[in-house]
Structures are given as C-alpha cells and as structure tokens.
Amino acid sequence: MEWWKDVLIYQIYPRSFQDSNGDGIGDIPGIISRLDHLQELGVDAIWLSPVYKSPNADNGYDISDYREINPEYGTMEDMEELIDQAGRRGIRILMDLVINHTSTEHYWFKESRDKTSPYADYYYWSPGGADGALPNNWTGFFGEDCWEFDPQRCEYYLHLFARSQADLNYHNPAVLEEIKDILRFWLDKGVAGFRCDVINILWKDSLESSKKRLALTGSEHYLSLEGTHDILRQLREIWDEYGAFTVGESVFVTPQRARDLCGKDRRELDLVFSFEHMECDQYFLKWFKRKFRPKIFFDCLVKWQKELDWNAIYLENHDQPRSIPRFGSEKFWKESGKLLATLVLTLRGTPFLYQGQEIGMTNFDFTRMRQLNDVESKNVDKVLRRFHVPQKLRWKLIAKTSRDNARTPFQWEGGEGAGFTSARPWLGINHNCAAINLADQEGDEDSIWSWYKDLSALRREREVLRQGEFVPLEAGRQVFAYRRELGEERLTVALNFSDDPAQVSLDGQLLRSNYRRERFEGILQPWEAVILE
Ligand code: TEU
Ligand code: CA
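Here the sequence shown stands for residues 52 to 584, numbered as in the numbering used here.
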C-alpha cells in the first residue's frame with residue numbers, strides 16, 4: 052500500500068498561519084511553533100503553499116527564486132528546521148511546485164528580455180500583429196488579457212495568470228532541465244513530494260488564435276495535451292528515484308483527464324484534485340453563484356468515487372471560499388461544520404484539510420474592496436467596472452467568491468490579533484474570532500475541533516475508513532448516505548444536509564453522532580451526521 056493512501060494531509064497558507072516576529076505576516080518559525088497542533092489533529096503531511104522568494108503579486112505563486120526562501124517567511128535554515136522538526140513528529144512536507152510560470156522578477160525572465168541571451172527562449176515571446184494587435188485572442192485565468200508588451204525586448208510575453216506571472220516555454224528543453232534540478236534540490240533537502248500547481252497546462256501546442264469562448268479562449272491549445280503528459284513522464288523518473296508523492300492541481304479536469312494523469316497504467320502523478328464538486332453552486336464561472344443543491348453535490352461525489360479508484364478529498368483550499376457557509380449552514384454552524392468534517396474523513400481517498408477548517412472558520416467579514424488583497428479579486432473588479440457593473444453588484448459578486456475568504460489569519464485565540472500576530476495583520480482578521488477560535492474549542496469536548504480530532508483518530512484506528520470500498524446508499528435532496536466495506540467490516544455514514552429533520556432507513560449500531568445521542572432510531576436532526584457500525 053502506498054503511504055499516501057493512508058494519511059491525512061493539511062494545507063498551510065504560510066502568510067496566514069502564524070506570525071512569530073511581530074510583522075503581521077505568518078512565517079516558517081511560526082509554523083514550527085504550531086507543529087503540536089497538527090500532531091494533535093493526526094496530520095501526517097503538510098502541503099505548504101509557496102514559501103519561495105517572490106514579489107508576492109500572487110502570494111508566492113509568482114516565484115522569483117526556486118532555491119531561496121521568501122525573507123518574510125524566514126531563511127533556508129528555518130525551512131530545514133521545519134523539515135526536521137516535522138519529520139521528528141512523523142509529519143512529511145510537501146512543497147508547492149509552481150512551474151507553469153515564474154515571476155517576471157525571476158532572473159530567467161530578466162535575461163529573457165534580451166534576444167541574444169541564453170534565456171531568450173525560456174518564455175513565450177511574440178512580436179504581435181503589424182498594427183500593434185496582440186499575438187492572439189486568448190484570455191487569461193484572472194480576467195485580463197494574457198499578453199503583456201515588454202518595452203525592452205519590444206515583444207509581448209504570454210501570461211495565463213497575472214501579468215507578472217510569465218508562462219515558461221517547455222518547447223525549449225533547457226527549461227525542463229532547470230526544473231529537474233530544482234526538484235532534486237528540494238528532494239535532497241528531505242521534502243516528501245509536491246502539490247503541482249496548474250499542472251495540466253504546461254504545454255502549449257501553438258499560439259494560434261482560436262474560437263471565442265465565454266472564458267479561457269485558447270484553452271484547446273494548452274489543456275491536458277500530450278506534450279504535458281510527456282513532461283510529466285520525464286519528471287516521474289526523478290520522483291521515482293526519491294519515492295516522492297505528487298498531487299496535481301489540474302484545471303477543467305474530467306474523470307478521463309484525471310485517469311490520464313494518475314491511472315495505474317500511467318502514474319504520471321499519484322493523485323489529482325478534481326473541481327466538479329466545488330462547482331456545483333455556480334453557473335459556468337465561479338463568479339455566477341447559484342443556490343447550493345445538495346443532490347447535485349452528492350451525485351458529483353458519487354460519480355468521482357466511482358470513476359477513480361482513489362480521490363483527493365477536500366472541501367477547502369486557499370482559492371475557495373470556506374465550506375460551512377457554502378455547503379453547510381451558518382445557522383447550524385457547529386452541526387454542519389462537524390457534518391462536513393465527517394464527509395471529508397469518511398469518503399474513500401486521501402483527505403486534505405485546509406488551515407482553519409478544523410475550527411470551522413468562516414468567510415471574511417470585509418465590507419469594501421479596499422480590504423482585499425487577492426490579485427484575482429482586484430482584476431475582476433476592474434473588468435466588471437469596465438463593463439459598467441454598478442459597485443454594489445460588483446462587491447456582491449466578489450465578496451461571495453473572493454479567494455481572500457479563505458486567506459484571513461488563523462484564529463488561534465479570541466483577543467486582538469487572534470494569537471496570530473501582535474502587529475497589524477497583512478489581511479484583516481475576522482471579527483468573529485471572539486466566537487470562533489482554537490483556544491475556546493480546545494477546552495470543549497463538543498467543539499468542531501474536538502470532533503475533527505476524534506474522527507481523525509477513528510480513521511486511524513479503523514482500516515475500513517481508510518481502505519474500504521465506497522458503496523453509495525442514498526443521494527437524495529437532503530440526505531447523503533454511504534457504506535465503507537472492507538472484508539467483514541462495514542461502516543455506514545449518513546449525513547443530513549438540511550435545516551429540517553430527515554428520516555432514513557439504515558441499520559447498525561451507533562458509533563458516532565454529532566448530536567451526541569445514545570441511540571439512533573432513523574431520524575436525523577438538522578445537519579446531523581451519524582456513523583453506524
Ligand atoms: O490555481 C489555479 C486555478 O485554477 C485557480 O487559480 C483558479 O483559476 C482561480 O481560483 C480562478 O477561479 C493555482 C493556485 O492554486 C492559485 O492560488 C494561483 O493563483 C494560480 O494557480 C496561479 O499560480
Ligand atoms: Ca512574521
């Protein structure tokens with residue numbers, strides 16, 4: 052059995068986890084000081100969002116040096132200390148591998164501005180049309196043009212994300228060699244693997260214009276192409292040498308595309324994050340929210356459980372709003388927080404928790420654009436403004452969907468600074484930290500935190516929860532029920548995604564209920580989660 056099928060993984064967004072030196076910014080020594088918390092939760096591996104040197108246009112997803120630590124976060128010694136200290140607790144470190152693009156502050160890019168430099172072809176450059184037209188009609192992920200003119204080289208460069216994130220040109224074999232060296236550099240330091248950022252768009256087959264689409268015009272020239280698979284097969288050789296684990300973030304992924312990446316016969320990556328279940332409360336684009344319908348969500352989860360042998364299970368990350376207001380209920384905050392915990396920790400696959408999820412953190416309570424930091428939110432605001440969308444409506448769309456919802460500082464304590472910092476935090480702390488914080492939940496057996504710890508321990512104890520087959524029982528308008536089966540062992544999970552009670556006909560002895568009841572007689576209370584043996 053591969054080790055990564057047996058573990059619980061926890062994502063840290065370093066900027067918002069723990070500040071150790073009073074500058075309002077989370078850092079690596081801060082993470083080290085909180086390793087006990089992770090150990091208590093039963094975390095086996097940390098996915099660390101980028102800590103490399105970066106001008107932070109996209110908070111580290113714009114890397115200017117892959118072999119340096121962002122000084123705001125600490126030093127390379129701190130990083131080595133983290134790998135070491137985590138290792139002593141049996142916690143592995145996974146780095147974020149962002150290799151579709153680099154920051155325009157990276158020296159490769161600076162060199163690349165000179166056509167005679169050996170780095171000239173490290174990026175996609177194009178002179179554009181005769182009349183100053185852009186090289187093609189593609190559109191980017193962050194709602195802006197994806198070409199930027201560079202006055203020094205007098206050409207445009209491609210950037211599918213922010214304008215300071217230039218796409219690397221893998222048609223130049225030297226680029227892949229650089230990446231291989233970087234992988235070795237980190238694997239030699241003892242990291243256990245990588246979360247691979249937008250990994251299915253590395254290869255662009257041509258820069259031709261294409262059919263206009265509502266979003267991502269041009270994507271047929273880079274989505275999940277053979278060239279990308281070829282790159283991954285080459286990187287796999289290094290990963291295999293070190294026994295490294297990889298989980299890919301792949302955009303517009305279908306079950307087939309996922310199997311092409313991590314099917315047993317292909318094994319280019321070990322796992323992929325799918326997005327379909329995160330899109331069931333939207334029309335086409337995430338900015339156009341629609342009412343959350345549990346049935347669509349359940350059907351989607353069942354579909355992926357069936358289509359793939361092994362899934363990455365998650366409900367939150369640094370790009371998504373928090374899960375309780377989204378899939379649960381703020382009115383039944385505690386109950387629904389525990390219910391979502393039950394879902395993540397009892398589906399078949401490798402569970403990923405995102406910092407703050409274990410205490411039921413909710414979305415930001417900002418009221419103005421000015422309070423936001425996220426480059427994507429800011430760009431989208433600009434685009435909407437261009438289309439004369441009134442300010443109120445712009446804010447409504449952005450507030451619900453902004454990535455900053457998940458990026459507010461961790462709420463360790465109730466007081467000012469929330470135990471996160473003694474200074475002014477880089478991004479506002481939610482005022483509900485007086486009510487939602489770890490310190491309070493630690494002393495409370497009935498808290499969301501205690502429930503996470505309990506279920507994480509149960510999962511560790513019961514092999515059926517880790518390795519068992521998934522058998523769907525009910526995916527209705529309210530209730531999601533399924534069984535996990537391993538040999539003679541059977542556990543049934545029933546979840547009521549509703550403010551109203553629900554009746555189910557399931558048998559078995561009650562093992563857990565988030566209503567702390569003694570017996571279960573077939574009625575699920577609002578947002579009740581039960582596990583039956
Ligand atoms: O995300 C890629 C991605 O698909 C999301 O950014 C998504 O497109 C976005 O939220 C728009 O809805 C990865 C990282 O997770 C993200 O933080 C980075 O900004 C992005 O890549 C660029 O590196
Ligand atoms: Ca700091």
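Note that CB positions come from ideal geometry on N, CA and C, so glycine has one too.
Buried or exposed for residue i, please, with buried defined as at least 16 other CB atoms from any protein chain shown within 10 angstroms of its CB.
i	result
Phe200	exposed
Gly470	buried
Tyr158	exposed
Arg197	It is worth fixing the name first, because residue 197 is Cys in this sequence and not Arg. The residue is buried, with at least 16 neighbouring Cβ atoms inside 10 Å.
Gly388	buried
Trp54	exposed
Phe339	exposed
Tyr334	exposed
Val294	Checking the displayed sequence, the identity of residue 294 turns out to be Gly instead of Val. Counting Cβ neighbours within 10 Å, Gly294 comes out exposed, since fewer than 16 surround it.
Cys484	buried
Lys447	exposed
Gln422	exposed
Gln62	buried
Nearer than 7 Å: is that true of the beta carbon of residue i relative to any heavy atom of ligand 1?
i	result
Val395	no
Tyr174	no
Arg143	no
Tyr503	no
Tyr273	no
Lys337	yes
His369	yes
Asp196	no
Val302	yes
Asp432	no
Phe324	no
Val249	yes
Phe192	yes
Val149	yes
Tyr112	yes
Phe160	no
Phe212	yes
Glu427	yes
Arg341	no
Arg454	yes
Asp311	no
Asp109	yes
Considering only C-alpha positions, which residue in the set the options is nearest to residue i?
i	options	result
Pro460	Asn488, Trp384, Glu381, Lys504	Asn488
Thr397	Arg510, Glu206, Arg458	Arg510
Asp550	Gly379, Asp455, Asn430	Gly379
Ile79	Arg214, Ile282, Gly125, Thr167	Gly125
Arg50	Ser168, Gln90, Asp165	Because residue 50 is not part of the residues shown, which for the chain are 52 to 584, the question remains open.
Arg541	Phe521, Asn547, Val102, Phe531	Phe521
Leu669	Arg164, Asp129, Glu229, Gly191	Outside the displayed range of the chain (52 to 584) lies residue 669, so it cannot be described from this structure.
Ile60	Gly77, Arg568, Leu234, Trp98	Trp98
Pro202	Leu390, Asp218, Ser177, Ile364	Ser177
Arg454	Gly466, Asn424, Asn107	Asn424
Leu209	Ser168, Trp254, Ala243	Trp254
Glu228	Phe571, Leu320, Tyr173, Gln560	Tyr173
Asn565	Leu583, Tyr405, Asp109, Arg214	Leu583
Leu390	Ala508, Leu478, Asn187, Val544	Val544
Gly314	Glu277, Ile282, Asp360, Phe571	Asp360
Glu156	Asp113, Ala490, Pro186	Asp113
Asn430	Arg445, Phe417, Asp416	Arg445
Asn456	Ser374, Asp232, Val298	Ser374
Per DSSP, which residues does residue i bridge with? Please list them.
i	result
Ile97	Tyr61, Ile144
Arg585	Because the chain is modelled from 52 through 584, residue 585 falls outside the range shown and cannot be assessed.
Asn414	None; Asn414 has no bridge partner.
Glu300	Phe324
Gly244	Leu145, Phe296
Phe438	In the DSSP output, where bridge partners are listed per residue, Phe438 has none listed.
Glu579	In DSSP, Glu579 forms no bridge with anything.
Val522	Arg534
Phe348	BP columns for Phe348 are empty, so no partner.
Gly400	Asn362
Leu336	Tyr334
Ala553	Leu575
Asn547	Val530
Leu273	According to the sequence as given, residue 273 is Tyr; it is not Leu. Partner(s): none; Tyr273 has no beta bridge.
Ser564	Val581
Tell me whether residue i counts as near ligand 2, meaning its Cβ is closer than 7 Å to at least one heavy atom of that ligand.
i	result
Ile63	no
Ile76	yes
Ser71	yes
At a Cβ threshold of 8 Å, is residue i touching chain D?
i	result
Arg517	Of the protein chains in this structure there is only one, and it is not chain D.
### Task
Taking only runs that begin and end inside the region 143-231, name each unbroken beta strand (DSSP E) of 3 or more residues, in chain order.
Listed in chain order, they are 143-148, 152-154, 198-201, 206-209, 216-218.
**Study point:** alpha helix (DSSP H) segments (min. 4 residues) lying fully within the region 85-131
**Key:** 86-92
Inside the region 437-504 only - alpha helix (DSSP H) runs reaching at least 4 residues = 442-452, 489-493
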